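S.K.:
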């Protein structure tokens, strides 16, 4: 029995909401087919109309009842139309119910649901038929029309334009169904005025409402009578489907009205009568049917024949089945058992079904690719409308390629900057940014970056800092009243006087003679000039007298007019006398002491460089003026002291000074000033200007990235502004060193440009980076997106960003497994010794065997001792173990004869060991008997090779003559005959073709190659063959019975793996589970196991430990393919049910698994059963 997704305990007929606003809303009307409806009378008084909804994301199978109202009669049919949805009058549409006694009622579902049943929402009710209304159906394209049919043989058309007062019409004047009961009707889904109806006599009538007459009618050729359902093809207007409620011959027929003599397709999937049928409107290839055989079958018609897409069983038959209009994979089924269930055909799909439902095929789609590219594809609407049969008619489609930027806001600025870069006009770009910026700091920054592209850009730095030379000269000229520089930089005063005198001297020619008028005016001017001069002289005399009275002199007065200094007394006398005797240093010091600074500097200028320097320094010290100290530093070229002691509040003045005077120290001094601004003033904005002047690219980028000065709007625009600044500065400074911050920002911005379709610009930015591995993948993607274009613009292909790895499967032959020598051999501790075994006399002790020459058998000494293990052969085996068959010595005695081909190992055994010389044990020989205390004469002891002359299987009698170079063959006594205790074995003389042990590989190179390298581990790789009584146990590997007492899980698992390999391993019953599915199973079951750990009682802890062991067995079986494919699929369904917390379904699947391979899976099935909650 299939477990439904959701279930509601009602015996009701169902209608899905027609409005897309409520796709999971359903209306359940108490069915007249229930026990109460059949009995009638007072039992029909409990009829109701319920509105339920469900949420598939919630656990459990219960539906939520939103509203419920009482009805006077039970429902025989129900239909939900979209009338009023588009206008908003009825947001959920209109619900129509066909009730008993021929009554049709209309409800407003939105009013009922919103009022939680307080408002009955009844729009209209009236009697339309005489008897039961068997079917009610709204028109799919014209919601104002509704068709009804009933037991009175009538088919009615109801016009609901005025839903409160509907109008009733007949499809035709004549009635083909007269005398019968009309059971069902259906509207054509392509032609609006076509309707069909079916009766209990097996007649199907097609009506044309436009002509108001019958178009055609037909009956089943097999004379089936009762039609339970009829449906029109959703896409082909001439095809319809008819289902028959006939227990003897249940059938679903497909008819084509172009030839309605016989149905063109018929299927009989049910064993009893079909009660309901529904055609999926979104996928015409899927048809749903329900029958009396308690089965719901979804049919697939994709291949031209009806195939089972999925099948669901129930306790009783479902009298109605309907597809959800807005959730194409869901169906509703109304059962006689008193439940309405919702199923998913997608989850119940048969494993062998290859058909994919059409709702997975989208009419259009889009695919985004690298570089901002977008591919749109789809079906042309006109072609899709004309195509009726999509399986035969190819539908025209389209595919468009577009470029859709991921970050459209950065594209315009990026394109503009790309044009500046392509034209190599970054200096002009800086000026453009200055012109467009309103921030003074931004203006200064871009102007200074622009000066980096100019050869004489440094000379413009003071001007950009606000110290304009022309403006200063103009201010000085206004202050001096004359052109600056004429006094000091012009000719000396004496030369100027001579020039003036030479200009003032009269020329030999007095000019033309003056007439009377001119002469009179001349004398008038001369008189006024003379009076003006007298007035000026009087003003100068008054001013001089005033200054003498005040004891001061005017700055502009001439030296001759100043008061004379008395040099005959005081410090002036000392100064005078020092000058007379030529001691200028004393004179200078006295001048400084008496405050005559000018005289001191004047005297020091004539005393040599050293005196002048000292006098200048002393002058600056005595003045104690910061600016004069700065001037002194300039005069002394001590710019480091100037920067180190400058006032940071006037950092622009300091920067202008070093830009004007510092010479080659300019960049270093700018760095020093920037460091002081950062550490002392904490002013990174001002330090940024100094770093730009110093052409320090890393520090500038660091301040830009940390400050985010241009972060306007989004972060993408801030990043764009930062990258543009970095690009301009890098081009100006020619910086080509790796910088992590610069690399990361440029790579981030290049990725944005690439995703916005600007691949060329992105690649241009990436080419600015040097030795950057973080952008290698992006470079490779951009280059390979347009290799031809990129190779022309940027040269060679970038290096491949990944390491190439050869993933081809290389065959390696399996290495030969190691074997161990017999028990009691030296070097193999732990091997039990046979009872009564004594040391074999005549055998050398370990290490006593001397090396022998090639081709010579070493002699066996006669002293007692244990036999050492034989040297390893080509297969890496030290010797023959117990139970190994006797070899054939004749194969190695014949000169040059190759050994026989090795026989395959028996079941449960590892590869058969090779003997020296390439000989193999003979087939069919049993295990060797227990070793006697002493060897028989002429027989080899334990671990030795075969005695010469022993017959091999399949050979003739033992030759009586020895081989070439061999001694006489020893006599072979019967079994159980022992030689004398002190007897010695005869050492055979080696001959051609006989090699001592350890040199068999030389005799058979091919056998040595086939053996492979010996294994490094001595752990057993296979368990032993069945132990023969009275023989020693080959290896100390516990059996499965002994393994039960093991307490170490890791050792137990390894031993179990060895035992499984020895037994041939468990048979592979299916394919190994995919790794991701196995991880999913482990995750869900481990989650349940962890959830059970909340109970920390000892009993529960022991239970969890047992479950964990059983789950480990399950994981191992799934990984090795020891679970059948069907059981593995069931297990995945169980895990999905547990993940959805649908524990009833999980327990049900667990019970189904118990019926599949119980003997193989019972161990882990018990663990899973204990793990799943029983609720």
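In the UniProt record's numbering, the protein residues as written are 1 to 1175. For each residue, glycine too, the CB sits at the ideal point set by N, CA and C. Keep in mind that this is a model prediction, so the values were computed, not measured.
Just how far apart, CA to CA, sit residue 292 and residue 345?
M.R.: 20 angstroms
S.K.: Counting only beta-carbon separations shorter than 7 angstroms, does residue 452 have a partner in chain C?
M.R.: In the displayed structure, chain C is absent; only one protein chain is listed.
S.K.: So, residue 99 versus residue 73, is the Cβ gap smaller than 7 angstroms?
M.R.: yes
S.K.: Contact check, residue 745 vs residue 705 under 8 angstroms by CB: the rounded distance?
M.R.: 7 angstroms
S.K.: In angstroms, rounded to a whole number, what distance separates the CA positions of residue 675 and residue 738?
M.R.: 22 angstroms
S.K.: Name the two residues that bound the continuous beta strand (DSSP E) containing residue 169.
M.R.: 167-169
S.K.: Could you tell me whether the Cβ atoms of residue 643 and residue 669 are closer together than 7 angstroms?
M.R.: yes
S.K.: Residue 754 and residue 782 - do their beta-carbons sit closer together than 7 angstroms?
M.R.: yes
S.K.: May I ask you to report which of helix, strand or coil DSSP gives residue 678?
M.R.: helix
S.K.: Could you tell me whether the stretch 683-700 touches the stretch 646-659, where touching means 3 or more Cβ pairs closer than 8 angstroms?
M.R.: yes
S.K.: Between the stretch 145-156 and the stretch 172-192, can you find at least three pairs of beta-carbon atoms closer than 8 angstroms?
M.R.: yes
S.K.: Would you say residue 604 and residue 588 are within 7 angstroms of each other, going by their C-beta atoms?
M.R.: yes
S.K.: Can you look up residue 94 in the DSSP assignment and give me helix, strand or coil?
M.R.: DSSP places residue 94 in strand when its eight states are reduced to three.
S.K.: For the alpha helix (DSSP H) holding residue 591, just list the boundary residues, first then last.
M.R.: 584-593
S.K.: Can you grab the Cα-Cα spacing for the pair residue 68 / residue 47, in whole Å?
M.R.: Each residue's Cα considered, the two are about 10 angstroms apart.
S.K.: Does DSSP classify residue 376 as helix, strand or coil?
M.R.: strand
S.K.: Are there 16 or more other CB atoms within 10 angstroms of the CB of residue 89, so buried, or fewer, so exposed?
M.R.: exposed
S.K.: Alpha carbon to alpha carbon, how far is residue 1124 from residue 132?
M.R.: 53 angstroms
S.K.: In angstroms, rounded to a whole number, what distance separates the CA positions of residue 714 and residue 420?
M.R.: 24 angstroms
S.K.: What are the start and end residues of each continuous alpha helix (DSSP H) run of 4 or more residues lying completely inside the stretch 643-692, in chain order?
M.R.: Within the stretch 643-692, the runs of alpha helix (DSSP H) at least 4 residues long that lie entirely inside it are, in chain order, 651-661, 666-679.
S.K.: Residue 721: buried (16+ other C-beta within 10 angstroms of its C-beta) or exposed?
M.R.: Answer is buried; the Cβ neighbour count reaches 16.
S.K.: State the beta-bridge partners of residue 244 as determined by DSSP.
M.R.: 227, 251
S.K.: Any chance you could list the beta strand (DSSP E) runs of at least 3 consecutive residues sitting entirely within the UniProt repeat "WD" (267-309), in chain order?
M.R.: Those beta strand (DSSP E) runs which fall completely within the UniProt repeat "WD" (267-309) and span 3+ residues are 274-279, 286-291, 295-300.
S.K.: Where does residue 478 sit, in a helix, a strand or coil, going by DSSP?
M.R.: helix
S.K.: Grouping DSSP H, G and I as helix and E and B as strand, with all else coil, what is residue 1218?
M.R.: Residue 1218 lies beyond the range of the chain shown here (1 to 1175); nothing can be said about it.
S.K.: Can you give me the Cβ contacts of residue 1158 inside the same chain, cut-off strictly under 8 angstroms, excluding the 5 residues immediately before and after it?
M.R.: 1165
S.K.: Rank 277, 447, 240, 536 by C-alpha distance to the C-alpha of residue 265 and give the top, closest one.
M.R.: 240
S.K.: For residue 10, count neighbouring C-beta atoms within 10 Å of its own C-beta (all shown protein chains included) and say buried if the count is 16 or more, exposed if not.
M.R.: buried
S.K.: Does the beta-carbon distance from residue 16 to residue 251 come in below 7 angstroms?
M.R.: no
S.K.: Examine the Cβ distances between the stretch 1093-1107 and the stretch 1137-1153 and report whether three or more of them are shorter than 8 angstroms.
M.R.: no
S.K.: Considering just the uninterrupted stretch of the alpha helix (DSSP H) at residue 1104, what are its terminal residues?
M.R.: Judged by DSSP secondary structure, residue 1104 falls within the alpha helix (DSSP H) whose first and last residues are 1098-1119.
S.K.: Kindly list the residues whose CB is nearer than 7 angstroms to the CB of residue 405, restricted to its own chain and excluding five residues on each side of it in sequence; keep chain order.
M.R.: These residues qualify, in order along the chain: 372, 411, 756, 757.
S.K.: Measure the CB-CB distance between residue 282 and residue 237 and report whether it falls below 7 angstroms.
M.R.: no
S.K.: Under 7 angstroms between the Cβ atoms of residue 231 and residue 284?
M.R.: In this structure, residue 284 does not lie closer than 7 angstroms to residue 231 by Cβ.
S.K.: Considering only C-alpha positions, which residue in the set 148, 210, 544, 289 is nearest to residue 172?
M.R.: Nearest option by C-alpha distance: 210.
S.K.: Do residue 779 and residue 766 have their beta-carbon atoms positioned less than 7 angstroms apart in this structure?
M.R.: yes
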